[in-house]
Amino acid sequence: MTTSKPLLSPHVFTLLLVAAVGLSMTAAPTALWGVQDPPKAKKKKPDKEKEDPKADDGKQATPAPREHIRWGKRRNETDEAYDKRHDKLLKRIKKDKKDDIRGGPVPLWTVSNGPFIIRTDISAEFTADTAMYMEMLHREYGAAYKSVLGPIPSVIKEPIEVVVFADRETYMKNGGTPGSGGFFAQSIQWPDRAPTWPAAHYRLQQFTDGITDFALWPKGTLKHEAAHMELQMRLGLFVDTPRWFNEGHASVFEWWDFDKTTQDNLDAIPFRGRYAPFIRRIYGTDMWKDFHYVWTIDAATWHRDMTSRQGYLNYCQAWSLAAYMMNNGKEGYRDFRKIYDLSKRVGADRRVSRTGTKTRAWELQFPDSDQKELEKNWMAWVAEKLPRDGEVPDESYFLRRNGINPSIRDKLEPFTEDEIKAMKEQLEKEDEERKGRIEK
Numbered sequence: 437m438t439t440s441k442p443l444l445s446p447h448v449f450t451l452l453l454v455a456a457v458g459l460s461m462t463a464a465p466t467a468l469w470g471v472q473d474p475p476k477a478k479k480k481k482p483d484k485e486k487e488d489p490k491a492d493d494g495k496q497a498t499p500a501p502r503e504h505i506r507w508g509k510r511r512n513e514t515d516e517a518y519d520k521r522h523d524k525l526l527k528r529i530k531k532d533k534k535d536d537i538r539g540g541p542v543p544l545w546t547v548s549n550g551p552f553i554i555r556t557d558i559s560a561e562f563t564a565d566t567a568m569y570m571e572m573l574h575r576e577y578g579a580a581y582k583s584v585l586g587p588i589p590s591v592i593k594e595p596i597e598v599v600v601f602a603d604r605e606t607y608m609k610n611g612g613t614p615g616s617g618g619f620f621a622q623s624i625q626w627p628d629r630a631p632t633w634p635a636a637h638y639r640l641q642q643f644t645d646g647i648t649d650f651a652l653w654p655k656g657t658l659k660h661e662a663a664h665m666e667l668q669m670r671l672g673l674f675v676d677t678p679r680w681f682n683e684g685h686a687s688v689f690e691w692w693d694f695d696k697t698t699q700d701n702l703d704a705i706p707f708r709g710r711y712a713p714f715i716r717r718i719y720g721t722d723m724w725k726d727f728h729y730v731w732t733i734d735a736a737t738w739h740r741d742m743t744s745r746q747g748y749l750n751y752c753q754a755w756s757l758a759a760y761m762m763n764n765g766k767e768g769y770r771d772f773r774k775i776y777d778l779s780k781r782v783g784a785d786r787r788v789s790r791t792g793t794k795t796r797a798w799e800l801q802f803p804d805s806d807q808k809e810l811e812k813n814w815m816a817w818v819a820e821k822l823p824r825d826g827e828v829p830d831e832s833y834f835l836r837r838n839g840i841n842p843s844i845r846d847k848l849e850p851f852t853e854d855e856i857k858a859m860k861e862q863l864e865k866e867d868e869e870r871k872g873r874i875e876k
């Protein structure tokens with residue numbers, strides 16, 4: 437069924453989407469420490485008169501061939517089998533017709549693959565790579581949850597819509613939230629979709645900030661939002677977990693390496709990522725929020741903090757608490773499973789949650805003695821695994837990019853404005869160099 441009349445104007449849709457999603461939206465943070473995002477790449481027109489540089493031997497220089505990546509390739513799958521599978525998927529991808537707005541006001545390249553409806557406004561090829569990547573992500577995350585939670589299957593029996601826009605503006609017009617790079621959300625019925633749209637309740641959405649080459653697109657936000665999605669697939673529609681639990685464990689998955697085994701990834705948690713540099717500097721200082729603050733923070737406070745310094749530190753501490761559970765073997769897994777089971781069984785008080793408090797109902801079922809034991813285990817893990825003299829790859833870059841002096845290790849010491857101006861050129865150079873990185 438198609439219609440030439442739009443369901444909603446973009447302005448009305450944005451307002452209704454926020455209302456529909458409400459506090460059931462989870463979002464990944466961008467760099468929120470008051471430092472501007474890396475400069476966007478400017479599109480350059482080719483200069484016909486300018487020849488390519490010559491090599492020393494007089495021959496024309498050619499760039500080194502880039503690795504051909506088969507996104508989502510299964511373990512032990514041959515290249516030939518993968519290519520055949522990819523080509524079949526690519527042939528199924530179709531661009532929405534302009535007068536068919538069942539799937540929303542923006543025509544997108546669309547394909548169904550497994551439990552997902554994959555959609556982008558970039559290209560058929562980008563959509564195919566996204567679909568193959570999501571298939572791998574779903575498979576590998578399933579193995580991770582099995583290690584931490586046990587064999588808990590998905591309870592969702594309907595497709596999940598995965599949408600990737602090329603630019604922030606389109607993302608924001610279609611329900612994006614300030615300070616976020618993407619979101620996973622649940623809705624009773626999406627106001628920008630027809631009632632017959634098969635992905636009625638779940639959506640993962642983000643943007644690439646102008647990047648159209650799948651290999652160069654940083655995928656940390658996709659990994660983060662997909663972790664929210666995978667957890668919800670096991671919990672079910674509108675089953676709430678504590679805010680720190682949901683955001684913290686998703687932050688762990690931002691750095692998942694699909695070339696490694698599940699156990700290798702779990703073991704590597706404290707030794708990689710953008711949150712560890714901050715935790716090792718705020719632990720033991722007055723910037724460290726106590727367990728009660730992290731434990732009781734509600735969704736409204738969390739979202740209100742998203743554009744402030746505290747918002748980023750909320751993610752850091754939530755990451756560290758979830759990281760303890762996922763990295764500390766049976767003891768940590770036991771705590772993770774206990775909170776999951778309570779969330780599944782008790783959930784949140786829906787009447788109370790409408791006023792902003794989302795953890796109270798299940799919190800009452802978690803005894804004080806268990807909370808104290810959890811806090812003790814968490815503090816011991818942070819002290820052992822995130823020492824002041826420790827360092828993750830790119831630790832200095834993560835700190836400098838957020839305006840923090842990496843040479844100071846016993847606290848978070850912001851650079852002065854003059855210091856930031858002085859290192860601006862160096863940061864821009866590093867940002868430019870990173871644009872050519874393959875992002876897996």
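Residues in the sequence shown are numbered from 437 upward in steps of one, following the working numbering.
Heads up, the beta-carbon is just placed ideally off N, CA and C, and yes, glycines get one too.
Here the structure is a predicted model, which means the values were calculated and not measured.
Nearest to residue i (by Cα), restricted to the options the options
i, options, result
"ALA759", "ARG708, GLU571, HIS728, ASP726", "ARG708"
"PHE619", "ALA630, ASP734, PHE643, PRO634", "PHE643"
"LYS509", "ARG773, ARG575, ALA636", "ARG575"
"ASP700", "GLY872, ASP532, THR852, ALA579", "ALA579"
"GLU866", "ILE874, ARG845, GLU855, ARG836", "ARG836"
"PRO678", "ALA564, TRP507, THR737, PRO595", "THR737"
"PRO465", "ALA704, GLU853, HIS660, PRO706", "HIS660"
"PRO541", "LYS527, ASP695, ARG629", "ARG629"
"GLN807", "ARG670, THR852, PRO551, TYR729", "TYR729"
"GLY646", "GLN746, ALA662, THR606", "THR606"
"TRP680", "ASN750, GLU690, GLY612, PRO706", "ASN750"
"GLN641", "PRO543, MET669, ILE705, GLY611", "GLY611"
"PRO401", "ARG538, ILE844, GLU820", "For residue 401 there is no data in the structure shown, the boundaries of the chain being 437 and 876."
"GLU594", "PRO551, GLU827, GLU864", "PRO551"
"GLY684", "LYS725, ALA754, ASP771", "ALA754"
"PRO587", "GLN746, ASN512, PHE689, ARG773", "ARG773"
"THR657", "LYS527, ASP771, GLU690, ASP603", "GLU690"
"LYS531", "ASN838, TYR776, TRP545", "TRP545"
"ILE553", "LYS533, ASN838, TYR638, ALA621", "TYR638"
"PRO706", "ASN763, THR743, ILE856, ASP603", "ASN763"
"TRP507", "ILE775, ALA564, THR732", "ALA564"
Three-state secondary structure (DSSP) of residue i
i, result
"LEU673", "coil"
"VAL688", "helix"
"MET461", "strand"
"ILE718", "helix"
"ASP515", "helix"
"TRP507", "coil"
"GLY826", "coil"
"GLU571", "helix"
"PHE650", "helix"
"ASP645", "coil"
"GLY586", "coil"
"GLY578", "helix"
"THR563", "helix"
"ARG629", "coil"
"ASP536", "coil"
"LYS486", "With a pLDDT of only 41 at LYS486, under the threshold of 50, the placement of this residue in the model should not be trusted; the figure read from the coordinates follows. Correct three-state label for LYS486: coil."
"ILE558", "coil"
"ALA816", "helix"
"THR613", "coil"
"GLY872", "coil"
"ASP804", "helix"
"LYS593", "coil"
Those residues which DSSP pairs with residue i across a bridge
i, result
"LEU640", "VAL598, PHE620"
"ASN549", "PHE552"
"LYS406", "Coverage of the chain is limited to positions 437 through 876, which leaves residue 406 absent and any answer about it impossible."
"ILE840", "PRO850"
C-alpha gap between residue i and residue j, whole angstroms
i, j, result
"TRP692", "MET665", "15 Å"
"GLY617", "PRO842", "25 Å"
"PHE714", "LEU757", "14 Å"
"ASP523", "LEU652", "21 Å"
"LYS812", "ARG717", "19 Å"
"CYS752", "GLU831", "14 Å"
"GLU849", "GLY720", "14 Å"
"ARG740", "LEU673", "24 Å"
"TYR748", "LYS520", "43 Å"
"PRO654", "GLU875", "5 Å"
"SER779", "LEU667", "11 Å"
"GLU869", "PRO803", "51 Å"
"TRP469", "GLU561", "With a pLDDT of 48 at TRP469, under the threshold of 50, the predicted position of this residue should be treated as unreliable, though the coordinate-derived value follows. Using only the alpha carbons, I get a separation of about 35 Å."
"ASP695", "ASP535", "42 Å"
"GLN625", "MET461", "14 Å"
"ALA636", "MET568", "22 Å"
"TRP724", "VAL591", "37 Å"
"ASP493", "LYS871", "Only weak support is given to the placement of ASP493: the predicted model assigns it a pLDDT of 47, under 50, and the value that follows is read from those uncertain coordinates. Looking at the two C-alpha atoms, the distance is approximately 29 Å."
Practice task
Please go through the stretch 694 to 769 and give each complete beta strand (DSSP E) segment of 3 or more residues, from N-terminal end onward.
Solution key: none
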